[in-house]
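These notes are about the structure you will find just below.
Chains as they are written, first to last, in the UniProt record's numbering: chain C, 1 to 249; chain L, 1 to 281.
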């Protein structure tokens with residue numbers, strides 16, 4: 001591997017940031033309130049390791065469930081909107097309006113409805129994940145080339161065949177774009193959901209750390225959330241490269 | 001009598017054209033804004049015949065094509081007959097093997113799966129469709145490219161895949177809309193000869209649109225010339241050049257004579273289109 005490609009690799013970027021952090025904090029004597037030294041953050045992370053692992057797992061499950069349910073619902077609504085203009089005109093504005101409602105306000109209601117269960121977090125994650133998937137599915141389905149549609153019709157294709165063999169594969173890259181946006185949003189949804197009350201989860205730990213002003217702990221949790229988001233995004237990108245590698249031409 | 005007619009419905013009676021267009025019109029819009037795209041087209045295509053159609057650009061060739069493919073209903077004052085039977089709106093869908101100008105390959109399908117697309121739509125099991133397509137690969141010059149994706153192929157190869165897809169959709173009439181229009185001259189002339197080879201082997205009825213007079217004469221049993229918009233048929237010329245034809249045919253006096261005649265007609269129509277386009281305010 002040449003130096004240039006080594007510098008470009010994403011792992012190198014992480015190492016460089018870590019090195020800068022390690023060097024700059026003592027060098028410029030940055031007060032720990034603004035940025036604690038890296039060894040202190042690592043030490044704090046190690047000290048709460050069992051809680052951290054459990055929280056990571058819990059938040060991961062909430063995020064993934066919310067993301068999957070939101071994606072499924074988003075794809076379903078995207079398809080329904082593409083199939084029926086009437087449905088789109090009737091429901092799309094409602095969804096747009098819902099999107100502008102702050103997740104904090106919505107989250108309080110969800111917790112009243114579902115209590116402090118994992119379901120409440122999943123629903124909040126779903127609420128955030130749903131919209132980008134629905135919009136991108138709709139846009140993707142609308143992108144189908146009219147000439148290709150005509151070709152399929154000339155072969156005598158039914159609506160279902162047309163959808164399965166042409167429309168859905170055409171929309172797939174766009175659906176993936178929506179899902180990549182959704183995965184980050186569901187993580188935010190899960191973390192915020194935990195703020196409304198729970199005992200396990202990265203969001204719970206974050207709230208406690210903020211309350212007791214445990215600054216190194218806050219950084220531990222920032223890194224943990226970042227790692228979780230990157231992991232999920234990476235998994236999605238891997239799936240995309242394997243199964244949805246084509247671009248609409 | 002009725003039984004006899006029914007028994008013969010599947011076959012073409014001797015001397016009966018495979019397809020007949022009788023007084024076919026297509027108008028778009030209403031009242032003052034109405035434009036006539038195709039006007040009073042009468043055309044008969046015999047079984048196994050290779051008919052080429054030329055005309056100035058924008059003369060309604062593609063509109064006519066879409067009507068024959070069943071994608072666009074023709075106006076009610078005329079009709080399209082297949083084996084003597086009038087076709088209702090949409091009845092032609094799935095009856096004509098249609099290849100538009102662009103290859104329209106699906107980027108997510110391999111060459112093999114693109115070729116079998118029409119068969120799959122028809123409901124043929126995938127394995128059977130693939131077997132059928134694989135047999136055609138050497139003939140279409142695509143052997144070894146079965147598992148490639150369209151973006152890995154040259155323009156000429158993509159066009160051959162599209163043609164294979166069209167051929168595998170086994171219908172009596174094949175519609176080709178300027179299939180070689182986007183290719184360079186050398187590739188195009190190779191593809192023309194190759195198409196004639198394939199056609200002579202399979203003997204399907206072909207209607208081929210082009211704006212290239214040489215191509216029209218070289219390929220066709222009959223050249224049909226359309227007028228400027230609104231398009232109608234200006235003249236039909238039977239080409240008697242012996243088959244099989246090779247490149248040298250284009251320099252023979254017979255070829256030149258036909259070309260001269262057709263060139264004059266096409267030129268006249270192109271000028272009309274040009275004049276009406278430049279005189280418009």
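Each residue gets a CB set at the ideal place from its N, CA and C atoms; glycine is no exception.
{"Check": "Three-state class that DSSP yields for residue 240 of chain L in the structure shown", "Outcome": "coil"}
{"Check": "Check whether residue 70 of chain C and residue 182 of chain C have beta carbons under 9 Å apart", "Outcome": "yes"}
{"Check": "For residue 191 of chain L and residue 244 of chain L, the rounded distance between their alpha carbons", "Outcome": "15 Å"}
{"Check": "Coarse secondary structure for residue 140 of chain C, derived from DSSP in three states", "Outcome": "helix"}
{"Check": "Contact with chain C by residue 204 of chain L, beta-carbon distance below 9 Å", "Outcome": "no"}
{"Check": "Beta-carbon proximity list for residue 118 of chain L, same chain, < 7 Å, skipping 5 on both sides", "Outcome": "165, 168, 169"}
{"Check": "Min CB distance residue 94 of chain L to chain C below 9 Å", "Outcome": "yes"}
{"Check": "Assigned secondary structure, residue 287 of chain L (DSSP; H/G/I helix, E/B strand, else coil)", "Outcome": "Because chain L spans 1 through 281 in this model, residue 287 of chain L falls outside it and cannot be assessed."}
{"Check": "Residue interval of the alpha helix (DSSP H) (run including residue 20 of chain L)", "Outcome": "Element bounds for residue 20 of chain L: not the alpha helix (DSSP H) but the beta strand (DSSP E), 19–28."}
{"Check": "Residue range of the unbroken beta strand (DSSP E) whose run includes residue 68 of chain L", "Outcome": "Careful: residue 68 of chain L lies outside any beta strand (DSSP E), inside the alpha helix (DSSP H) at 61–69."}
{"Check": "Under the three-state DSSP convention, the category residue 114 of chain L falls into", "Outcome": "helix"}
{"Check": "Environment of residue 212 of chain C [buried if 16+ CB atoms lie within 10 Å]", "Outcome": "exposed"}
{"Check": "Own chain residues within Cβ distance below 6 Å of residue 198 of chain L, not counting five before or after", "Outcome": "none"}
{"Check": "Under 9 Å between C-beta atoms of residue 176 of chain C and residue 125 of chain C", "Outcome": "no"}
{"Check": "Endpoints, the beta strand (DSSP E) within which residue 177 of chain L is located", "Outcome": "173–177"}
{"Check": "Bridge partner(s) assigned by DSSP for residue 43 of chain L", "Outcome": "L:21"}
{"Check": "Within 8 Å of chain C by C-beta, residues of the stretch 70–92 of chain L in sequence order", "Outcome": "70, 71"}
{"Check": "Nearest-angstrom Cα separation, counted from residue 141 of chain C out to residue 189 of chain L", "Outcome": "38 Å"}
{"Check": "Whole-Å CB distance - residue 173 of chain L paired with residue 224 of chain L, under 8 Å assumed", "Outcome": "Between residue 224 of chain L and residue 173 of chain L the Cβ distance is about 15 Å, and since that is not below 8 Å, they are no contact."}
{"Check": "Identity of the residues DSSP links to residue 209 of chain L by a beta bridge", "Outcome": "L:53, L:177"}
{"Check": "Same chain only: Cβ atoms within 7 Å of residue 229 of chain C, ignoring 5 sequence neighbours per side", "Outcome": "184, 187"}
{"Check": "Proximity below 9 Å, CB of residue 59 of chain C to CB of residue 203 of chain C", "Outcome": "yes"}
{"Check": "Contacts around residue 4 of chain L, its chain only, beta-carbon distance under 8 Å, and the 5 residues preceding and following it disregarded", "Outcome": "Reliability fails at residue 4 of chain L, whose pLDDT of 45 lies under 50, so the model's placement of it is uncertain and the value that follows must be treated cautiously. Around residue 4 of chain L: no qualifying Cβ."}
{"Check": "Close-in-space but distant-in-sequence residues of the same chain around residue 6 of chain C (CB under 6 Å, 5 per side omitted)", "Outcome": "12"}
{"Check": "Burial state of residue 241 of chain C, where buried means 16 or more other Cβ atoms lie within 10 Å", "Outcome": "exposed"}
{"Check": "Residue 112 of chain C classed as buried or exposed, judged by whether at least 16 other C-beta atoms fall within 10 angstroms", "Outcome": "exposed"}
{"Check": "Under the three-state DSSP convention, the category residue 2 of chain L falls into", "Outcome": "With a pLDDT of only 44 at residue 2 of chain L, under 50, the local geometry of the prediction cannot be trusted, and no value is derived from it."}
{"Check": "Residue-level contact to chain L via CB, residue 140 of chain C, 9 Å cutoff", "Outcome": "no"}
{"Check": "Listed by chain order, chain L residues near residue 268 of chain C by CB distance under 7 Å", "Outcome": "Residue 268 of chain C is absent from the model: chain C starts at 1 and stops at 249."}
{"Check": "Rounded straight-line distance, which links the Cα of residue 200 of chain L to that of residue 53 of chain L", "Outcome": "19 Å"}
{"Check": "Bounding residues of the alpha helix (DSSP H) (the contiguous stretch that carries residue 191 of chain C)", "Outcome": "168–195"}
{"Check": "Sequence ranges, alpha helix (DSSP H) only - wholly within the stretch 86–138 of chain L, length at least 4", "Outcome": "111–115, 117–122, 126–136"}
{"Check": "Under 8 Å from the C-beta of residue 157 of chain C: neighbouring residues of chain L", "Outcome": "121"}
{"Check": "Anticipated Cβ contact below 8 Å, residue 147 of chain C with residue 174 of chain C, distance rounded", "Outcome": "Not confirmed; about 19 Å, so no contact."}
{"Check": "Through-space distance from residue 221 of chain L to residue 240 of chain L, alpha-carbon basis", "Outcome": "7 Å"}
{"Check": "Listed by chain order, chain C residues near residue 118 of chain L by CB distance under 7 Å", "Outcome": "155"}
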